[in-house]
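Q:
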Amino acid sequence: MPLDVESREAVETAEGEVVDELVVNVGPSHPSTHGVCRVIIHLDGEIVTRAEPVIGYLHRGIEKMAENRTYLQVVPLTDRLDYVGSMYSNWAYCRSVERLADIPVPERAEYLRVIVCELQRIASHMMAIGSNGADTGALTLFVYAFDQREHVVELFEELCGQRLTYNYVRPGGVSHDMPEGWADDVRAFTAAHRSALAEMDKLFFGNVITRGRLKGIGVLSADDAVAWGASGPVARGSGVNWDLRKHDPYSVYPRFDFDIPTGTDGDCYDRARVRLYECYESCRIIEQALAQMQPGPHRTEGLPRLIAPPPGDAYDHIESARGALGVYLVSDGSTRPYRMKVRSPAFCNLALLPTLAEGHMLSDLVAILGSLDPVFGEVDR
Amino acid sequence: MAIVDRIGETLDRTPGGVILTGVDSLVDWARGKSLWSMPMGTACCAMELIAASFNKFDFDRHGTFPRPDPRHTDVMIVAGTITYKMMPAVKRLYEQMPDPKWVIGMGNCTLSGGIFYYDTYSVVRGIGEFLPVDVYIAGCPPRPESLQDGILRLRELVEQESIAPGKRRDRALTLPAPDHGCGEAE
Ligand code: SF4
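Top line first, the protein sequences correspond to chains A and B. If you read the first sequence in my numbering, its first letter stands for residue 816, the second for the next number, and so on. If you read the second sequence in my numbering, its first letter stands for residue 4, the second for the next number, and so on.
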């Protein structure tokens, strides 16, 4: 498709009336598309009549590449899938490998995985809320939220030496145990994070401009959310109480006491606010996990470098910051996966854009796209 | 650099506050101090590019300020994997930037394709194939400090340039099309 599709089209409406439609092209490089999404928008005046996302600008062929790598070598590739929440892709993939090859995971490793993933949820949601603010003109919030994210990233750096692509969760455990004093740093962070969240809640969600910009925009009904396969904060914002941590419990999640925040209206405001409250719940989980954790090995000893699972297939999913993230693996008995398929929540959520944007103003489209929180590494793979 | 370092003593010696300097050094000094950037963030490296302009690293103090509009910018920071589908858009944005313009390639993906060098069919093996790159920064992703170093290196480069017609570095405004298309990998 050519890059410049700016034209006028005469379109006949259902009532037989001919209107003049303006077709504008947003992206693939646009500051508020959160990556490299391109949206072709049909406008009637300032009202969006059709919005059509065009994806594939970041298609790097990760699923195909995985077929040429050994099972351990695929882990760094999964980091690059959802780069705002690398730990999730690591974990979803490792769970599939563990299921496929029947690899046991020590209990301490499960706790460490839960802790890093909840920290990652905070980091990812801070990015989502912050950019939601920036999209609606509140750049201040982005600065506040990014400050919190930076703290999490520093904790990760202390843990595994990387700021973004961690390669931390490996089949059979995690790469490193916690360094000395890390648990205290995490506790200090969660304590400080709670007050920062309260501040953000007041600053942004209590703001009359934010309410005006986000309330009633992009309303998604609970039925539609289920029908479109939405998951994560997008579904929960519409009041669908569905969270894999509670409804298909995995790892050590059943041992923690936490709630699933849900919205009522299903608009942009509720979706963003659900994310904020999930950060509170993440803090709760992290604190409980740190208290329950027992000393022990952090990975299964004696695991071969070349894992060759028996022929067969396995699927496992976890609740990522964007929703249900699943990895399907097929093994033909060799040391490389025969096929890897990623069920990406960001892709399913992005599919809602045309439905949500229809009938809204052009400037609201940006807020709607931001509230779906797509990450294009994962959408395009 | 040179002007600022000597500005105090020069003012002492010239009571009227008149400074004599080469036009070249004045222009280069001004240009180097205000490199507005076009953040061409496509993938993971974009996260570090954003981190670089916020609280902790605060690139504004180098005069590097992200502007999403190519027509306002001097340097394009390409951060992330460029696929064959994305390449025409990047090229076009580069062509829309006003002269003089520079390019920073951030991350291994812009160097060579990085982790995506082998086994994939859709990734451009390094943006050097279609853009004239001035500074490459290695890392997957590079830390914001590395990006800072890259910007300071670029500033050194900028300050060596001359605006005299004979000495000017000529840059093609329109780039030739790379001689391979989609699918022709390896
Ligand atoms: S260099 Fe690494 S971190 Fe940067 S875009 Fe490429 S894969 Fe992502």
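Note that the Cβ used here is the ideal one computed from N, Cα and C, for glycine as well. As the structure is a prediction and not an experimental result, all values here were calculated from the model.
Using only the alpha-carbon positions, how far apart do A:VAL1089 and A:TYR1095 sit?
A: 10 Å
Q: Alpha carbons only, please: which of A:VAL854, A:GLU836, A:ALA953, A:GLY1117 is nearest the one belonging to A:LEU1018?
A: A:ALA953
Q: Measure the C-alpha to C-alpha separation of A:ARG978 and B:ASP77 and round it to an integer number of angstroms.
A: Their backbone Cα atoms lie some 28 Å apart in a straight line.
Q: Just to confirm, are B:THR123 and B:VAL81 a CB contact at a threshold of 7 Å?
A: no
Q: Counting only Cβ-Cβ distances shorter than 7 Å, please list the residues of the stretch 112-142 of chain B near chain A, keeping chain order.
A: ILE118, PHE119, ASP122, THR123, TYR124, SER125, VAL126
Q: Run the proximity test for B:ILE85: is its beta-carbon closer than 6 Å to any non-hydrogen atom belonging to ligand 1?
A: B:ILE85: no, Cβ never under 6 Å from ligand 1.
Q: Does the distance from the CB of A:ASP1195 to the CB of A:ILE855 come in under 7 Å?
A: No, they are not a contact pair.
Q: Are the CB atoms of A:MET880 and A:TYR959 within a distance shorter than 7 Å?
A: No, the Cβ-Cβ distance between A:TYR959 and A:MET880 is not below 7 Å.
Q: Could you give the distance in angstroms between the alpha-carbon of B:LEU150 and the alpha-carbon of B:MET109?
A: 7 Å
Q: Please go through the stretch 987-1059 of chain A and give each complete alpha helix (DSSP H) segment of 4 or more residues, from N-terminal end onward.
A: 997-1015, 1023-1029, 1037-1042, 1048-1052
Q: Consider the C-beta atom of B:ARG128 and the heavy atoms of ligand 1; say whether any pair is separated by less than 6 Å.
A: The beta carbon of B:ARG128 sits no closer than 6 Å to any heavy atom of ligand 1.
Q: Going by beta-carbon coordinates alone, are A:GLY988 and A:ARG1114 separated by less than 7 Å?
A: yes
Q: Beta carbon of A:PRO1124: closer than 6 Å to some heavy atom of ligand 1?
A: no
Q: Whose C-alpha, out of A:PHE1162, A:LEU858, A:THR885, is nearest the C-alpha of A:TRP1043?
A: A:PHE1162
Q: What residues match up with A:ASP1131 in a beta bridge as DSSP calls it?
A: A:VAL1142
Q: So who's on the other strand from A:ASP859, going by DSSP bridges?
A: According to DSSP, which records beta bridges pairwise, A:ASP859 is partnered with A:ILE862.
Q: If you reduce the DSSP assignment to three classes, tell me which class A:LEU837 lands in.
A: strand
Q: Can you grab the Cα-Cα spacing for the pair B:VAL136 / B:LYS104, in whole Å?
A: 10 Å
Q: If you follow the beta strand (DSSP E) that B:ALA82 is part of, which residue opens it and which one closes it?
A: 78-82
Q: Taking 7 Å as the threshold (beta carbon to beta carbon), is A:SER946 in contact with chain B?
A: no
Q: Helix, strand or coil for B:SER40 per DSSP?
A: Looking at B:SER40 - three-state DSSP - the assignment turns out to be strand.
Q: Give me the subset of the stretch 943-971 of chain A whose CB atoms are less than 7 Å from a CB atom of chain B, sorted by chain position.
A: VAL958, PHE961, ASP962, GLU965
Q: Decide if the stretch 87-97 of chain B is in contact with the stretch 128-145 of chain B; the criterion is three or more beta carbon pairs, one per stretch, under 8 Å apart.
A: yes
Q: Determine whether the Cβ of B:MET90 lies closer than 7 Å to any Cβ atom of chain A.
A: no
Q: Name, please, each residue of chain B whose Cβ falls closer than 7 Å to the Cβ of A:GLY871.
A: LYS88
Q: Under 9 Å Cβ-Cβ, which residues of chain A neighbour B:GLU98?
A: The premise fails here: B:GLU98 is roughly 12 Å from chain A at the closest Cβ pair, so nothing lies under 9 Å.
Q: Tell me, please, whether the stretch 1128-1144 of chain A touches the stretch 1043-1063 of chain A by the rule of three or more beta-carbon pairs shorter than 8 Å.
A: yes
Q: For the stretch 898-927 of chain A, list every residue whose C-beta sits within 9 Å of some C-beta in chain B, in sequence order.
A: TYR898, VAL899, SER901
Q: With a threshold of 16 other CB atoms inside 10 Å of the CB of A:SER844, please say whether the residue is buried or exposed.
A: buried
Q: CA-CA distance, B:GLU187 and B:VAL26?
A: Interpretation of B:GLU187 is limited by its pLDDT of 42, a score under 50 that renders its predicted location unreliable; the figure taken from the coordinates is listed afterwards. Distance between the alpha carbons of B:GLU187 and B:VAL26: 48 Å.
Q: Per DSSP, A:VAL869 is paired with what?
A: A:ARG853
Q: Less than 7 Å between the C-beta atoms of A:SER939 and A:CYS1083, yes or no?
A: no
Q: Would you kindly check if the distance between the Cβ of A:GLY1192 and the Cβ of A:LEU956 is under 7 Å?
A: no
Q: Between the alpha carbons of A:THR1170 and B:ALA46, how many angstroms are there, rounded?
A: Roughly 26 Å between the two C-alpha positions.
Q: Classify A:GLY1185 as helix, strand or coil using the three-state DSSP reduction.
A: helix
Q: Give the DSSP-derived three-state secondary structure of A:ILE918 in the structure shown.
A: Coil, per DSSP.
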